[in-house]
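Structure record follows, encoded as structure tokens.
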Amino acid sequence: MPTDLTHYALPEAIQQLAKKQYQLLKANPHHHSLRFQPKTGTPYWAARVSQDYRALARYQGNGNYLWLWIGTHSEYERLLSGK
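The sequence shown begins at 1 in the UniProt record's numbering and counts up one residue at a time.
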């Protein structure tokens, strides 16, 4: 998982959508627009930020998730494939 977040500046519109989706996740992780699901074989969960952007989270316990990464769908696929 990348750790230097300075390389992952997101467009302002995506930042706003990510904030909205994160608030929705806190209120209702089962909301259909999130498509929130565990990623098999990993400790991560994936959420839809927009049609083109995804977020990865890790369960912290007590119903809490920590968003670790947000990026394009193609970056997301590459990250999960290990390439």
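Just so it is clear, CB atoms sit at the ideal spot from N, CA and C, and this is done for glycine as well.
These numbers were taken from a predicted model, which means no experiment stands behind them.
What is the DSSP secondary structure of residue i, counted as helix, strand or coil?
i   : result
Q51 : coil
H7  : Low local confidence applies: a pLDDT of 48 at H7 is under 50, so the model's placement there is unreliable, with the coordinate-based value given in what follows. Here H7 sits in helix by DSSP.
For residue i, which residues of its own chain have a beta-carbon under 7 Å away from its beta-carbon, when the five flanking residues on both sides are left out?
i   : result
W67 : Y22, A55, A57
H31 : L24
Kindly list the residues whose CB is nearer than 6 Å to the CB of residue i, restricted to its own chain and excluding five residues on each side of it in sequence; keep chain order.
i  : result
T3 : With a pLDDT of 49 at T3, under the threshold of 50, the modelled position of that residue is not reliable, and the figure given next carries that caveat. Excluding positions up to five away in sequence, the list is empty.
Quick one: what's got a C-beta closer than 8 Å to residue i's C-beta in the same chain, skipping five residues either side?
i   : result
W45 : F36, Q37, P38, K39, L56, A57, R58, Y59, Y65
Rounded C-beta distance between residue i and residue j? I'm assuming under 8 Å.
i   : j   : result
Y53 : I14 : 5 Å
Quiz item: Going along the chain, which unbroken runs of the beta strand (DSSP E) with 3 or more residues stay wholly within the UniProt domain "ParE-like toxin" (13-78)?
Solution: 44-48, 53-61, 64-72
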